[in-house]
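Mind the numbering: the sequence shown is residues -18 to -1, 1 to 134 in mature numbering (1 follows the signal peptide of the UniProt record, and there is no 0), read in order. Note that CB positions come from ideal geometry on N, CA and C, so glycine has one too.
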Amino acid sequence: MNTFRLLFALAIFALTLAGCKKDDGTTPGGTTNSQTELLVANNWRMKRVSDVANQEINRNRLNLTTQVIYDLDMQFRNNGTVRALDPKQSGTVVNGGSWKLTTDNQSIDVDVQGFKGIFPIIQLTRNKLVLRQRAPVDGKDADINLEFDPSL
């Protein structure tokens, strides 16, 4: 009888563990407050551009507007403003505008000169921001992922 109870308890424990889903923080669509907290927690610097299959796209294949983003720190602020900072010039603001999350919290609506549109959030954690953009690659429009890390 004790063996049966032990096996029953182990089975319940195993089923409980199997039913739990780990949240890795990579799924977009959290609450507005949680998404905003993650966006404003860091300044972001683009480290990589990839296609939708996660293959890196060489910088020289991108249009000038996308290439320039590599050299800037993006700063999203709680008041709905976004600023592009030049880290080589003590964080001088070189461009700015506004941002807001879409109603489903799965995209960010950015209105900055040269960088305007609604960008789906592919990943947003404290350590990574990935936005989808439609932009020229080798002169032809393609869906690309802009991958940002916190700037230090």
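Subject >> Complete runs of the beta strand (DSSP E) confined to the segment 10 to 72 [at least 3 residues] >> reply: 25 to 33, 55 to 58, 63 to 68
**OP:** My understanding is that S89 touches V64, with C-beta atoms under 8 Å, so please give their C-beta distance in whole angstroms.
**Re:** Actually they do not touch by this definition, with Cβ atoms about 14 Å apart.
Original post:
Per DSSP, what kind of secondary structure is R108 in: helix, strand or coil?
Top reply: coil
**OP:** Alpha carbon to alpha carbon, how far is N45 from D55? Give it in angstroms, no decimals.
**Re:** 18 Å
Original post:
Roughly how many angstroms separate the alpha carbons of Q49 and L106, rounded to a whole number?
Top reply: 22 Å
Original post:
If you follow the beta strand (DSSP E) that L134 is part of, which residue opens it and which one closes it?
Top reply: No beta strand (DSSP E) holds L134; DSSP gives it neither H nor E.
**OP:** Would you mind sorting D6 into buried or exposed? The rule is 16 or more other CB atoms within 10 Å of its CB.
**Re:** Residue placement at D6 is poorly supported in this model, since its pLDDT is 45, which falls under 50; the coordinates are not used for a value here.
Subject >> Cβ neighbour criterion (16 or more within 10 Å) applied to L21 >> reply: buried
Original post:
Would you report the Cα separation of Q57 and A35, rounded to the nearest angstrom?
Top reply: 27 Å
Original post:
How many whole angstroms separate the CB atoms of L111 and F97, which I take to be in contact at a CB cut-off of 8 Å?
Top reply: At roughly 14 Å, the Cβ-Cβ gap does not stay under 8 Å, so L111 and F97 are not in contact.
Original post:
Is the CB-CB distance between residue 142 and L113 below 7 Å?
Top reply: Since the first residue of the chain shown is -18 and the last is 134, residue 142 is not available in this structure.
Original post:
Is N24 buried or exposed, if buried means 16 or more other CB atoms sit within 10 Å of its CB?
Top reply: That one is buried.
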